[in-house]
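What follows is a single structure, written as structure tokens, with notes after it.
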Amino acid sequence: MPTSVGYGWHLDGLTAWLATLNSCAPGVLTVNVDNGFGAGVAAARIARRAR
Numbered sequence: 011m012p013t014s015v016g017y018g019w020h021l022d023g024l025t026a027w028l029a030t031l032n033s034c035a036p037g038v039l040t041v042n043v044d045n046g047f048g049a050g051v052a053a054a055r056i057a058r059r060a061r
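According to my numbering, the sequence shown is numbered sequentially starting from 11.
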């Protein structure tokens, strides 16, 4: 998962955001840059539905 810093010339998160958008595929969840908590919540919801 990209972060807004340490990802080349970060441009306040723009570089990581564009990389995330370019790697999107149908059926794949994408969260905002630096949103590890949101990604964890989404993963937990998906796991609950899979049961």
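The beta carbon of each residue, even a glycine, is placed where N, CA and C say it ideally should be.
Inter-residue spacing [alpha-carbon to alpha-carbon] between residue i and residue j
i          : j          : result
residue 36 : residue 61 : 22 angstroms
residue 55 : residue 33 : 22 angstroms
residue 27 : residue 59 : 28 angstroms
residue 29 : residue 57 : 26 angstroms
Short Cβ contact (8 angstroms threshold) for residue i with residue j
i          : j          : result
residue 42 : residue 48 : yes
residue 52 : residue 39 : yes
Nearest neighbour of residue i, chosen from the options [CA to CA]
i          : options       : result
residue 22 : 44, 58 and 31 : 44
Range of the contiguous alpha helix (DSSP H) that encloses residue i
i          : result
residue 57 : 46-60
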